[in-house]
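First residue of the sequence shown? That's 5 in our numbering, and the numbers climb one at a time after it. Each remark here refers to the structure printed beneath this line.
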Amino acid sequence: MVCGCGECSIDSHAVHHTFTRCSPGISVSSVNGIFLLDNVQYRIHLNTFRRVNSMGHKMLDDSSAELSASAKAKKRGNRTDERIHSEIYSAIINHQLRPATPLHEDALANAFGVSRTIIRKVLQQLSHEKLVELIPNKGAIVARPSIEEARQVFEARRAVECMLVEKLAATISNADIDRLRTVVNAEAKSLEQGDKRRRLQLSGDFHRELASIAGNDVLRDFVNELVSRTSLIIALYESPGAVPCSYDEHKEIVEALERRNVETVVKRMEDHLRHIEAQVDLSDLPARVDFKTLFRPLTPAT
């Protein structure tokens with residue numbers, strides 16, 4: 005076989021080929037029909053190995069177009085997965101989907117207009133993030149954290165986020181302070197507008213922003229997971245009449261960070277997280293119910 009210039013011969017039995025004349029800088033290796041061109045793998049047939057290079061010579065034909073189309077389709081598929089994940093994720097942490105809500109693949113596929121395969125992939129990802137529980141032979145439900153798990157989540161948050169603000173007190177920039185203030189101001193506005201869902205979202209965003217500013221990707225991902233699981237815990241165990249997470253406490257944390265006061269900011273964060281935990285009922289014993297007060301006797305049938 006020869007390339008498009010007609011002078012660079014390629015032995016179809018060789019393992020390594022080099023275009024010596026028209027494109028001396030391009031090296032091609034092939035094994036069992038898999039070609040490595042400039043470190044990119046292609047599975048193509050030898051007699052279609054042509055394209056137009058910068059000098060106008062043909063070296064790779066329609067195979068490159070097919071590969072490009074395949075890559076674009078894969079990219080679109082990834083964007084679809086991300087959008088569906090984002091919407092289900094938001095519905096869970098904003099309490100639109102309550103704990104133990106069934107997540108039927110058929111219904112979700114129909115709602116999003118996609119295949120069950122895509123929905124299954126998204127549900128598996130949410131399961132890894134501890135927001136969805138996959139039950140063998142039954143399907144998926146929104147996760148329902150146990151009381152012990154809830155306690156462990158709050159304990160982990162106190163350890164991790166107090167350490168996080170202690171670190172930030174020594175490293176945070178004025179620009180980062182402004183980022184945090186933007187979130188707190190948005191929280192105040194959502195409170196004024198009575199937008200509980202928006203306020204709940206921003207409350208979690210404040211803690212996620214702190215973790216992002218710290219610059220530790222592992223720590224950021226862990227805090228993101230803990231904050232999301234806290235939202236589920238609140239949806240499941242929130243005490244009647246509980247006061248939502250106070251944006252004033254977020255404001256105090258930002259002010260302590262701005263003053264670079266390590267002791268104060270750590271105390272502010274610990275008090276804040278304990279306040280959140282106090283809004284949920286994690287008692288082990290079931291509440292005692294007076295059934296005579298709750299129910300009235302049935303009128304005897306006549």
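Ideal placement from N, C-alpha and C gives every residue a C-beta, glycine not left out.
With 16 other Cβ atoms within 10 Å as the buried cut-off, status of residue i
i	result
residue 59	Here residue 59 scores only 42 on pLDDT, less than 50, and its place in the model should not be relied on; the value that follows carries that caveat. Under this definition residue 59 is an exposed residue.
residue 152	exposed
residue 165	buried
residue 234	buried
residue 210	buried
residue 158	buried
residue 187	buried
residue 264	exposed
residue 117	exposed
residue 149	buried
residue 243	exposed
Cβ-Cβ separation, residue j to residue i (assumed contact under 8 Å), whole Å
i	j	result
residue 258	residue 181	6 Å
residue 109	residue 102	The pair is not a contact, with the Cβ atoms about 19 Å apart (cut-off 8 Å).
residue 92	residue 130	6 Å
residue 160	residue 230	6 Å
For residue i: DSSP bridge partner residues
i	result
residue 137	145
residue 222	According to DSSP, residue 222 bridges with nothing at all.
residue 103	Bridge partners of residue 103: none, in fact.
residue 284	242
Residue from the options whose Cα sits closest to the Cα of residue i
i	options	result
residue 287	270, 241 and 145	241
residue 260	227, 239 and 185	185
residue 255	84, 190 and 230	190
residue 114	155, 263 and 88	88
residue 173	269, 206 and 221	269
residue 134	123, 146, 94 and 142	146
residue 106	84, 122, 126 and 138	138
residue 143	232, 129 and 124	124
residue 169	262, 281 and 301	262
residue 228	85, 239, 82 and 94	94
Same chain, Cβ closer than 8 Å to residue i, neighbours up to 5 away in sequence not counted
i	result
residue 253	272, 275, 276 and 279
residue 266	170, 173 and 174
Contacting residues, own chain, Cβ-Cβ under 7 Å from residue i (five flanking each side not counted)
i	result
residue 216	224
residue 194	202, 203 and 206
Sequence-distant residues of the same chain with beta carbon closer than 6 Å to residue i, five excluded per side
i	result
residue 112	123
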